[in-house]
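Everything on this sheet refers to the single structure shown next.
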Amino acid sequence: MGRQLMKYVGIMLSALLLISASASAQEDTATQAPATDAQPASATPSEPAAEAPQEDKRSPYYKKVQGWLWLEAVAGPSSYDPDQFGALSLGTRPGGAPKKRGSQWGFSLGTGFGGGFFLGWYYRQANYSEYKLFKTGLEFQPTIRIPYVHIMFRVNIGLARMFSGNAWGLTDVNNGGVDTTFGVGLRIPIVRWMSFAANFDWSYIGLRMRGTDTSGTRVESWVSGQQLAGTFALTFHFIGVRKN
C-alpha cells in the first residue's frame with residue numbers, strides 16, 4: 005500500500021513538472037515575440053532607394069532648325085546682265101548693256117512653320133557701278149532637314165526696279181518689273197536659335213524701261229536679263245524653338 009502511494013505521488017509530481025515546464029516555455033515564447041517585432045527599422049537591411057530620373061540638360065546645340073518666327077540677314081557677290089534675254093531698243097540702235105558685278109545684301113522675315121519650310125517677305129539690293137537694283141516680294145524656302153546639314157531651296161516672286169542710274173544712260177527714267185528667283189544650297193544649325201545658310205541663286209529680271217535717250221527720243225520698252233548671286237545668310241529662329 006505504501007509503495008503504491010509513493011508511485012502515485014511520483015506520477016503526479018512528474019505530471020506537475022511537465023505542465024509547469026510547458027507553461028514556462030510558452031511564456032518565454034510569448035515574451036520573446038514582441039521583442040523581435042520591436043526591433044528598430046534601422047536594424048533591418050533596407051534596399052537602396054531608387055534614384056529620381058534626372059532631366060536631360062538643355063543643350064544649346066541641336067540637329068534641326070526649328071521655330072515659327074525667322075529673321076534672316078543675307079549678303080554676297082552677284083553679277084547682273086540687264087539684257088541677257090532681250091535688248092532694249094534705243095531708237096534705231098540696239099541698247100546692249102554690259103554685264104556688271106557687285107555686292108548684294110538684304111533680309112527676309114516670316115514664319116518657319118516649325119522648321120520644315122519658310123514663308124515670308126524678302127528684300128534684296130544689289131549695288132553696281134552705274135546703278136542699283138532692288139527686289140522685294142514673297143519668299144518660299146522648302147527645307148529637307150537632314151540632321152546637322154539641311155538641303156534648302158529658294159523660290160522668290162516679286163517686284164524689281166533699277167534706281168540711282170541705269171545701264172543705258174537714259175534720263176527721266178521710270179521703270180519697274182518682275183523678279184523670279186530660284187536657289188539651292190545648304191543650311192547648317194549652329195545653336196537652337198541660329199543657323200547659317202549658303203546657296204546659289206539665279207534670277208530672271210524683267211523691267212519695263214521708260215526714259216529719254218541722248219538724242220532726246222522718248223524710249224519705252226521691256227528688257228529681260230538675269231542675275232547670278234552667291235548668298236550667305238545668318239538666320240535667327242524664335243518661338244517654338246526647343247531641344248530635340
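Letter by letter, the sequence shown follows residues 5 to 248 of this note's numbering. All residues carry an ideal CB built from backbone N, CA and C; glycine is no exception.
- Between residue 181 and residue 210, the beta carbon gap of about 5 Å places them in contact (Cβ cut-off 8 Å).
- Using a Cβ distance threshold of 7 Å, residue 229 and residue 88 count as a contacting pair.
- In the displayed model, residue 106 falls within a strand according to three-state DSSP.
- When beta bridges are read from the DSSP output, residue 137 appears opposite 130, 166.
- For residue 118, the secondary structure class from DSSP, reduced to helix, strand or coil, is helix.
- In this structure, the straight-line span from the alpha carbon of residue 196 to that of residue 188 is close to 23 Å.
- Cβ neighbours of residue 161 within its own chain (closer than 7 Å, five residues either side excluded): 141, 142, 184.
- Here residue 77 is exposed. Its C-beta has fewer than 16 other C-beta atoms within 10 Å.
- In the DSSP assignment, residue 228 forms a beta bridge with 90, 210.
- DSSP places residue 145 within a strand segment (E or B) once states are collapsed to three.
- Cβ neighbours of residue 204 within its own chain (closer than 7 Å, five residues either side excluded): 187, 188, 189, 234.
- Look at the beta carbons and you see the stretch 125-136 touching the stretch 105-115: at least three pairs across the two are nearer than 8 Å.
- By the neighbour-count definition (other C-beta atoms within 10 Å, threshold 16), residue 69 is a buried residue.
- Contact between residue 198 and residue 147 is absent: CB atoms are separated by about 15 Å, not below the 8 Å threshold.
- Assignment of beta-bridge partners to residue 155 by DSSP yields 148, 190.
- When only Cα atoms are considered, residue 71 and residue 173 end up about 47 Å apart.
- For the 7 Å CB-CB criterion, residue 67 and residue 85 do not form a contact.
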